[in-house]
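Below: the structure, in structure tokens.
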Amino acid sequence: MTLKECYEKMEANYEEVIGRLRSERLVQKFALKFLDDPSYRLLITSMEEKNYEEAFRAAHTIKGVCQNLGFTRLGRSSSALTEALRGGWSQEADSLLEQTKADYQSTVTPLQALRDSQQ
Amino acid sequence: MEAADHAKEVLSLIMNKPGQNPRILVADDSEMNRAILEEMLGGEYDILEAENGAEAVEMIRLHETELSLVLLDIVMPVKDGFGVLDEMNRNRWIEEIPVIMISAETNPDNIERAYELGVTDFISRPFDALIVHRRVVNTILLYAKQKKLINLVTDQIYEKEQSSSLMIDILSHIVEFRNGESGLHVRHVNLLTAMFLRHLTQHTEEYRFSRSEISLISTASALHDIGKIAIDEKILNKPGRLTTEEFEIMKTHSAIGAQMLQDLPIHQEEPLVKVAYEICRWHHERYDGRGYPDGLKGDEIPITAQIVALADVYDALTSERVYKPAFSHEKAVEMILNGECGTFNPLLMDSLRGLAGSIQEELLGDNLVRANQREMRNIAEELLRHKELTAAERTLQLLEHERMKYSFFASLTKEIQFEYTVAPAIVTLSAWGAKRLGLPDVIMDPLHSAEARALLSEEDWKGLSEALRHTTPEDPDLTYDCLIHYSDEPRWARIVARSTWSPEEPPEYTGVIGKAMDIHDSRLRLRKLEQMASHDPLTGLLNHSAAQEQIRARMEDAPERKYALAILDLDHFKAANDTFGHHFGDRVLSFLSDKIRQGIRSGDIAARVGGDEFLIFLEYKQELEPVIQRIYSSLRGEYKGFRLSVSMGISTSEDAGMDYDTLFRTADSALYTVKRGGRGAYRFYNHTMERAFSVITPIENKASEEESENDAKGML
């Protein structure tokens, strides 16, 4: 599996990220690092513990990383969640969290497949 | 990467730490984000990491002086990016360490707040690797250079011995050196700026600049490109066309230059700094509002910056650059007037048309050097006026002392000292002089003051102005003797004066300083001496040598006229002298000389030659004989029983020529002939008398003595 194929599976914008970061090696390195990023876990636990301030920061971080790596789909939902949590909990937050969870899964599955194919 | 190597090299030079990379602190709670940035910058910089705001503050505290840049996220746990900026402001680190904010934040309020807290730049996610790299490099270079430059400028200003011209020289040469331009650009812009300022002053109602303002502004013009010091040399000297991004960087130089001046820790209030700020910031604005950095339009752009912009464009066109050959003067003027090089104030276009004929000449040759020296002097003056207050005070004290000395000596000399200035037309008199003349110390418009005009005769006013008109800056002194009409009496004065001239080329007549000395008494004494030297004390007639001088002068002045010389003596005088005593003889001579004085006309000359001999010199037109006849008759008479009998010999210039000696000798011969012929008559000289002896020669004297004896006997 190539990085490009992986991005297609993630519904992410491969051309855009290569244009910005200029290096396939770099993009692949950081894309794979996303699998180890603790932000998603932090978001889930913070939401469970109703620590919405922490949840906001976690969502914000996910949004930022997604933007940098060109993970368009996850970026869209995490961005919406970030706004929903900016002033603390809001009605949309719970449903947006579910959307984010779904998008996260559809993002990490191809990434895991990529990592497996590299080893 | 070549550019990166270059930047690294420049940086290590600037940081004076060869081999060591500048340090960047990356504060971001996402390890991923930190890793991405480290990956992008790690080769050229040492990266320190902080995963929240509190850690970031701690790192800055620890590494303050070593940090070249902070890359700061906004949303972080414990303390967010704004909290870090607050700390940096509180500790004034923000003044030393540039901060670039990198955030996924798109809320404009947050971005604005970040700028207000002093961040240099804001990069939003997703970021472009090249943009991050470029902005990091630029920010570090800019800060490092600015820091160095501020130190340089500060040092220069604090160096008392160094004038600001040296500072300007150094700065403009640094810029030019980096620009690869010849050293002439700054000088040309300076000269052109001054030319336009002068032209506007002379030809427009809107703008009036004093000489010192012109010098100030043209001096400040030298700093127009100092911001280029922060521009990468690769861009600055790129032979080809700049890319859009490079041009954007290039364009920052005007704002950077202005910022540098604003960052000067002192002298913010200096007019030079203020004008230089205007010029630096706005010399790339365009009259139609399409310039940078602020897009000012029309007269929103300070006229100083408008002028420097035009000067800059003209000199750029006429100079060779890495990207273009030099255009001719005519071509450059044509291009500017056609609007091919930007839009300018129509007034400035008029000035360009007006100056087109003289610009080239001004920029070449001696003018350059002279103007430069003038500029140096002006800067020095500017410095003295604005900075060296203590020096100015000392100068004032010296001046006051000089004034005191001057008025003390003036009061001792009893001279009328005066100073006249053309504009405004004022005469200032020394205290004693004003009192003596009965005039106020200061006379406004003296040429139209009746009291002042009455002091000298119209003729003397004319003579004096004539003498003044003949002075030059090289030979400014004059001396003029005339009568001053004081309220009580007229007295002779000698006016010694010096005309004053302006320092510029060509010099202009600005006034006169001088004094009037009273020479009345000495002049009268001299007159008396002259009188005594030229007149016979007994009779009051001229003596022979004075008469001789006057006669020669008269004949020389008008040789075309006819003159006659008569020599006469008193018959039987020796006998009278011997018989009645010398006193009686003297009184007879006085009596005769009175008769001579009355008998001649006012233009004739009469003199006592010696003893009882006299001469009369006269001019005649037609018949001479009737004139002689009348004079001769008038000399008859009697003094206390002594009957006057006169013998007279006459010679004319028609016979003897225009030569005094010949005239005298021939008249003398004629007199001798009369004496020998029986006295009591006059005769005109003719050639038969040529061999006759002179009455005045010793031989004649002997003969005359014999005769005199006989005469006396005969009389008794």
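Chains A and B are the protein sequences, given in the same order. FYI, the numbering for the first sequence is 1 to 119, going by our numbering. FYI, the numbering for the second sequence is 120 to 835, going by our numbering. Glycine included, every Cβ here is placed at the ideal spot set by N, Cα and C.
Three-state secondary structure assigned by DSSP to residue i
{"i": "B:Val251", "result": "helix"}
{"i": "B:Leu648", "result": "helix"}
{"i": "B:Thr547", "result": "strand"}
{"i": "B:Tyr758", "result": "strand"}
{"i": "A:Cys6", "result": "helix"}
{"i": "B:His304", "result": "helix"}
{"i": "B:His806", "result": "helix"}
{"i": "B:Asp594", "result": "coil"}
{"i": "B:Arg447", "result": "Reading off the sequence, residue 447 of chain B comes out as Ser, not Arg. Reduced to three states, the DSSP call for B:Ser447 is coil."}
{"i": "B:Ile603", "result": "strand"}
{"i": "B:Ala789", "result": "helix"}
{"i": "B:Arg142", "result": "strand"}
{"i": "B:Lys634", "result": "strand"}
{"i": "B:Met379", "result": "helix"}
{"i": "B:Trp620", "result": "strand"}
{"i": "B:Leu285", "result": "Because B:Leu285 carries a pLDDT of 48, less than 50, the predicted location of this residue cannot be relied on, and the following value inherits that uncertainty. Here B:Leu285 sits in helix by DSSP."}
{"i": "B:Asp148", "result": "coil"}
{"i": "B:Trp611", "result": "strand"}
{"i": "B:Phe537", "result": "strand"}
Alpha carbon of residue i to alpha carbon of residue j, nearest angstrom
{"i": "B:Met636", "j": "B:Arg671", "result": "35 Å"}
{"i": "B:Glu623", "j": "B:Glu481", "result": "15 Å"}
{"i": "A:Cys6", "j": "A:Leu35", "result": "13 Å"}
{"i": "A:Leu21", "j": "B:Leu249", "result": "8 Å"}
{"i": "B:Asp382", "j": "A:Ser23", "result": "40 Å"}
{"i": "B:His701", "j": "B:Glu649", "result": "27 Å"}
{"i": "B:Asp469", "j": "B:Val305", "result": "23 Å"}
{"i": "B:Phe733", "j": "B:Arg644", "result": "28 Å"}
{"i": "A:Thr61", "j": "B:Glu364", "result": "30 Å"}
{"i": "A:Leu81", "j": "A:Leu96", "result": "6 Å"}
{"i": "B:Arg555", "j": "B:Lys581", "result": "23 Å"}
{"i": "B:Ala445", "j": "B:Ala435", "result": "8 Å"}
{"i": "B:Val793", "j": "B:Gln669", "result": "27 Å"}
{"i": "B:Thr547", "j": "B:Lys634", "result": "11 Å"}
{"i": "B:Ile498", "j": "B:Arg613", "result": "Confidence is the limiting factor: at B:Ile498 the pLDDT is only 44, short of 50, which leaves the residue's position unreliable and the question unanswerable from this model."}
{"i": "B:Tyr262", "j": "B:Ala146", "result": "20 Å"}
{"i": "A:Asn51", "j": "A:Leu42", "result": "10 Å"}
{"i": "B:Ser549", "j": "B:Gln536", "result": "5 Å"}
{"i": "B:Leu661", "j": "B:Ser584", "result": "37 Å"}
{"i": "B:Leu508", "j": "B:Ser331", "result": "With a pLDDT of 38 at B:Leu508, under the threshold of 50, the modelled position of this residue cannot be trusted; read the value that follows with caution. Approximately 18 Å, taken between the alpha carbons."}
Residue i and residue j closer than 9 Å at C-beta
{"i": "B:Glu168", "j": "B:Ile216", "result": "no"}
{"i": "B:Asp240", "j": "B:Ile213", "result": "no"}
{"i": "B:Pro421", "j": "B:Glu439", "result": "no"}
{"i": "B:Leu587", "j": "B:Leu597", "result": "yes"}
{"i": "B:Thr540", "j": "B:Gly417", "result": "no"}
{"i": "B:Leu684", "j": "B:Ala800", "result": "no"}
{"i": "B:Asp655", "j": "B:Arg727", "result": "yes"}
{"i": "B:Leu144", "j": "B:Thr258", "result": "no"}
{"i": "B:Phe442", "j": "B:Lys353", "result": "Correcting the residue identity first, residue 442 of chain B is Tyr in this sequence and not Phe. No; because the gap between Cβ atoms is not below 9 Å, this pair is not in contact."}
{"i": "B:His343", "j": "B:Asp413", "result": "no"}
{"i": "B:Asp199", "j": "B:Gly172", "result": "yes"}
{"i": "B:Asn208", "j": "B:Arg180", "result": "no"}
{"i": "B:His604", "j": "B:Ala573", "result": "yes"}
{"i": "B:Lys370", "j": "B:Tyr411", "result": "yes"}
{"i": "B:Leu687", "j": "B:Gly768", "result": "yes"}
{"i": "B:Gly729", "j": "B:His639", "result": "no"}
Q.
Going residue by residue through the stretch 654 to 726 of chain B, where are the continuous beta strand (DSSP E) segments of at least 3 residues, counting only ones entirely within it?
A. 681 to 689
Q) How do the stretch 69 to 77 of chain A and the stretch 99 to 118 of chain A stand: do at least 3 beta-carbon pairs fall below 8 Å, yes or no? A) yes
(Q) Assess contact between the stretch 370 to 379 of chain B and the stretch 315 to 324 of chain B, defined as three or more Cβ pairs (one per stretch) separated by less than 8 Å. Is contact present? (A) Contact fails: fewer than three Cβ-Cβ distances are below 8 Å.
(Q) Taking contact to mean 3 or more Cβ pairs, one atom from each stretch, closer than 8 Å, check whether the stretch 763 to 777 of chain B and the stretch 794 to 808 of chain B are in contact. (A) Between the stretch 763 to 777 of chain B and the stretch 794 to 808 of chain B there are three or more C-beta pairs closer than 8 Å, enough to call the two in contact.
Q: Return the chain-ordered ranges of every alpha helix (DSSP H) run that is complete within the stretch 383 to 442 of chain B and spans a minimum of 4 residues.
A: 390 to 401, 422 to 437
Q | Inter-stretch contact at 8 Å, needing at least 3 Cβ pairs: the stretch 109 to 119 of chain A / the stretch 149 to 156 of chain B | A | By the Cβ test, the stretch 109 to 119 of chain A is not in contact with the stretch 149 to 156 of chain B, since fewer than three Cβ pairs between them sit closer than 8 Å.
(Q) I'd like the ranges of any alpha helix (DSSP H) spanning at least 4 consecutive residues and lying wholly in the stretch 165 to 198 of chain B. (A) 172 to 182
Q: Would you be able to state if there are at least three C-beta pairs under 8 Å between the stretch 397 to 410 of chain B and the stretch 326 to 342 of chain B?
A: Enough Cβ pairs lie closer than 8 Å, so yes.
**Q.** Start-end ranges of the beta strand (DSSP E) lying completely within the stretch 58 to 115 of chain A, minimum 3 residues
**A.** none
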